[in-house]
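Asker: The listed protein sequences correspond, in order, to chains A and B.
Using our numbering, you'd call the opening residue of the first sequence number 1 and step up by one each time.
Using our numbering, you'd call the opening residue of the second sequence number 220 and step up by one each time.
There are 2 protein chains.
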Amino acid sequence: MRIIVLQCSVSYEGRLEAYLPSAKRLILNKSDGCVAIHADGGAYKPLMWMNAPNRIIENLDEWVITNPKGEKLRIKIEEIFSDISYEFGDDPGLTKDGVEAHLQELLAENPQHLESGLTLSKREYFTEIGPVDLLCRDTNGIAVAVEIKRKGGIDGVEQLTRYLDYLNKDPKLRPVRGIFAAQQIAPQAKTLAKDREISTVEIDYDELRGMESLNLRLF
Amino acid sequence: MRIIVLQCSVSYEGRLEAYLPSAKRLILNKSDGCVAIHADGGAYKPLMWMNAPNRIIENLDEWVITNPKGEKLRIKIEEIFSDISYEFGDDPGLTKDGVEAHLQELLAENPQHLESGLTLSKREYFTEIGPVDLLCRDTNGIAVAVEIKRKGGIDGVEQLTRYLDYLNKDPKLRPVRGIFAAQQIAPQAKTLAKDREISTVEIDYDELRGMESLNLRLF
DNA sequence: AGGTGTATGTCGCAT
DNA sequence: ATGCGACGTACACCT
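#1: With DSSP run on the structure shown, which of helix, strand or coil describes I154(A)?
#2: Are the CB atoms of L134(A) and K122(A) nearer to each other than 9 Å?
#3: Listed from N- to C-terminal order along the chain, which residues in the stretch 298-310 of chain B have their beta-carbon within a distance smaller than 9 Å of any beta-carbon of chain A?
#4: Between which two residues does the alpha helix (DSSP H) carrying A189(A) extend?
#5: Which residue wins for smallest C-alpha separation from I77(A), given the options T95(A), E207(A), I4(A), I179(A)?
#6: Between N278(B) and chain A, is any beta-carbon pair separated by less than 9 Å?
#7: At least one CB of chain B closer than 9 Å to the CB of D138(A): is that the case?
#8: Rounding to the nearest angstrom, what Cα-Cα distance links E124(A) and A145(A) in this structure?
#9: Residues of chain A with CB closer than 9 Å to the CB of D259(B), please, in chain order.
#10: Since C8(A) sits in a beta bridge, which residues does DSSP pair it with?
#11: Is the separation between the beta-carbon of D40(A) and that of D251(B) shorter than 9 Å?
#12: Does the beta carbon of L239(B) sit closer than 9 Å to a beta carbon anywhere in chain A?
#13: Report the CB separation of L160(A) from I198(A) in whole angstroms; it is logged as a contact under 8 Å.
#14: Helix, strand or coil, according to DSSP, for E71(A) in the structure here?
#15: If you draw a straight line from the C-alpha of F81(A) to the C-alpha of G70(A), how long is it?
#16: Mind checking if A242(B) is an interface residue toward chain A, Cβ cutoff 9 Å exclusive?
#17: Closest to G308(B) by CA distance: which of I361(B), M220(B), S230(B) is it?
#18: Does the CB of N270(B) have a neighbour CB from chain A at under 9 Å?
#19: With DSSP run on the structure shown, which of helix, strand or coil describes R217(A)?
#20: Measuring straight from C-alpha to C-alpha, what distance separates I404(B) and G372(B)?
#21: Enumerated in chain order, which unbroken segments of the beta strand (DSSP E) with a length of 3 residues or greater are wholly contained in the stretch 98-138 of chain A?
#22: Measuring CB to CB, does S230(B) end up less than 9 Å from S241(B)?
#23: Check the DSSP bridge columns for D83(A) and list the partner residues they point to.
#24: Does DSSP put L173(A) in a helix, in a strand, or in coil?
#25: Determine the burial state of M48(A): buried for a count of at least 16 other Cβ atoms within 10 Å of its Cβ, exposed for fewer.
#26: Could you tell me whether any Cβ in chain A is nearer than 9 Å to the Cβ of K374(B)?
#27: With a threshold of 9 Å between beta-carbons, can K96(A) be considered close to chain B, or not?
#28: In the structure shown, what three-state DSSP assignment does L386(B) receive?
#29: Run through the DSSP bridge pairs and tell me what L247(B) is partnered with.
#30: Rounded to whole angstroms, what's the CA-CA distance from V157(A) to Q183(A)? Just pull it up for me.
#31: Assign R381(B) to one of three DSSP states: helix, strand, or coil.
#32: Taking all protein chains shown into account, do 16 or more other C-beta atoms lie within 10 angstroms of the C-beta of A43(A), making it buried, or fewer, making it exposed?
#33: Look at the alpha carbon of T419(B) and the alpha carbon of L167(A), and state the distance between them as a whole number of angstroms.
#34: Exposed or buried, K388(B), counting other C-beta atoms within 10 Å across all chains shown (16 or more means buried)?
#35: Using a beta-carbon distance cut-off of less than 9 Å, what residues from the stretch 362-386 of chain B approach chain A?
#36: Using only CA atoms, which one of E207(A), C34(A), L118(A), D91(A) lies nearest to K72(A)?
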């Protein structure tokens with residue numbers, strides 16, 4: 001990791017063209033070769049950058065960074081205030097918890113959490129227009145398509161509606177109804193779902209995780 | 220801008236929960252208060268971050284950063300290798316050029332590029348549910364709504380469908396059909412569009428630009 | 001390598 | 001504030 005504080009101007013030509021007038025800025029050059037130019041504000045996103053893989057040509061007063069796609073970043077160096085380098089070694093990386101994948105996993109193992117008596121037919125049921133999160137059967141043997149989101153918005157209801165339209169064309173499945181499940185569901189999404197006769201279920205993640213650990217203890 | 224190289228472990232509780240085991244890393248603390256923890260790789264995105272506005276409690280061996288939404292970032296400091304600060308002053312910011320707006324501009328001037336004989340009625344035709352990129356008439360005088368994207372996905376087809384549903388309620392326009400135009404259109408989007416009887420056109424941007432420069436030479 | 005869906009997306013602009 | 005669409009989105013996962 002190389003960390004440089006300097007006065008510079010920068011230009012980018014690639015998917016768009018952009019230019020940064022001269023100012024005091026920070027450059028990060030990571031060991032994978034990527035370069036990022038930061039201002040002292042504006043959240044974590046750099047003003048400009050070039051990810052790996054790339055080729056860096058480093059002159060005294062200018063860096064020219066190009067990548068295989070033909071994009072070009074040009075840093076004009078006016079004055080260097082600090083230029084330090086450190087070896088970091090590999091980062092163990094982060095462990096995440098509580099994303100949509102995990103929700104889907106838990107609900108696939110506990111479909112009855114969505115509705116009493118519901119049983120799983122297929123997880124990630126593939127269609128031409130995308131994968132249906134869960135395909136289930138209810139106590140009457142009726143097919144049920146389940147769309148799972150962490151945050152349930154209108155777009156999720158739209159997505160499930162598309163799946164339902166598609167699935168209901170299949171004579172072997174028809175009729176298919178829908179359940180929209182999320183940790184939180186926006187009021188607008190609830191209204192839209194109701195309008196389309198789609199059930200909504202708000203999931204208590206901690207409760208679901210509790211059921212899972214109970215299963216683990218039992219079996 | 221404060222730049223710290225240190226051995227640390229980090230935890231985040233908020234929209235998800237995550238944990239970073241101890242390793243050598245870089246912390247950026249910008250003047251707006253935002254904090255980002257970088258590893259020496261993985262493009263420009265930090266491993267963890269907390270944007271402004273936030274409150275930072277800085278102890279000898281631990282930083283605790285919280286924001287009004289109740290998210291919490293905890294940095295456990297084990298060893299500091301470098302800790303430098305610089306004043307940057309305001310950044311003039313960047314100037315951009317050349318995105319979807321330009322594509323719309325070019326197609327507004329060359330609607331025949333979308334379909335032979337097509338003529339423009341209105342660019343950015345405003346409706347209650349949003350602006351229709353182009354409203355045209357075909358050779359039979361039938362109204363045509365055009366949605367333009369750089370990359371055409373399912374969401375774009377959904378958007379156009381909403382516009383068509385809306386426009387077809389207007390007796391002065393009805394019937395209205397749709398054209399979905401983009402530099403690239405995803406196969407799923409094509410399938411969905413076909414299913415809804417919406418035409419799709421993939422635009423060759425360079426060719427279109429060529430026509431434009433031809434126009435400029437002619438007139 | 002290319003396509004598709006997710007993201008602590010971020011960011012900007014509208015209401 | 002909140003919703004919605006664009007982004008040099010980046011990124012993981014899949015064929």
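Every residue gets a Cβ at the ideal spot worked out from N, C-alpha and C, and that includes glycine.
Answerer: According to the structure shown:
#1: helix
#2: yes
#3: Answer set for the stretch 298-310 of chain B: F300, S301, I303, Y305, E306, F307, G308, D309, D310.
#4: Per DSSP, A189(A) is one residue of the alpha helix (DSSP H) stretching across 187-195.
#5: I4(A)
#6: no
#7: no
#8: 10 Å
#9: Within chain A, the residues near D259(B) are M1, K30, S31, D32, Y86, E87, F88, G89, D90, D91.
#10: A23(A), I77(A)
#11: yes
#12: yes
#13: 6 Å
#14: coil
#15: 31 Å
#16: yes
#17: Nearest of I361(B), M220(B), S230(B) to G308(B), Cα basis: M220(B).
#18: yes
#19: Caution is warranted here: a pLDDT of 49 is assigned to R217(A), below 50, making its placement in the model unreliable, and the coordinate value is therefore given only provisionally. Looking at R217(A) - three-state DSSP - the assignment turns out to be helix.
#20: 6 Å
#21: 119-127, 130-137
#22: no
#23: I4(A)
#24: L173(A): coil per DSSP, three-state reduction.
#25: buried
#26: Sequence check: residue 374(B) is Asp here, not Lys. Yes, because at least one Cβ of chain A sits closer than 9 Å to the Cβ of D374(B).
#27: yes
#28: helix
#29: I222(B), A255(B)
#30: Roughly 14 Å between the two C-alpha positions.
#31: helix
#32: Exposed, since its Cβ has fewer than 16 Cβ neighbours within 10 Å.
#33: 24 Å
#34: exposed
#35: So the list reads I373, D374, E377, given in the order they occur along the chain.
#36: C34(A)
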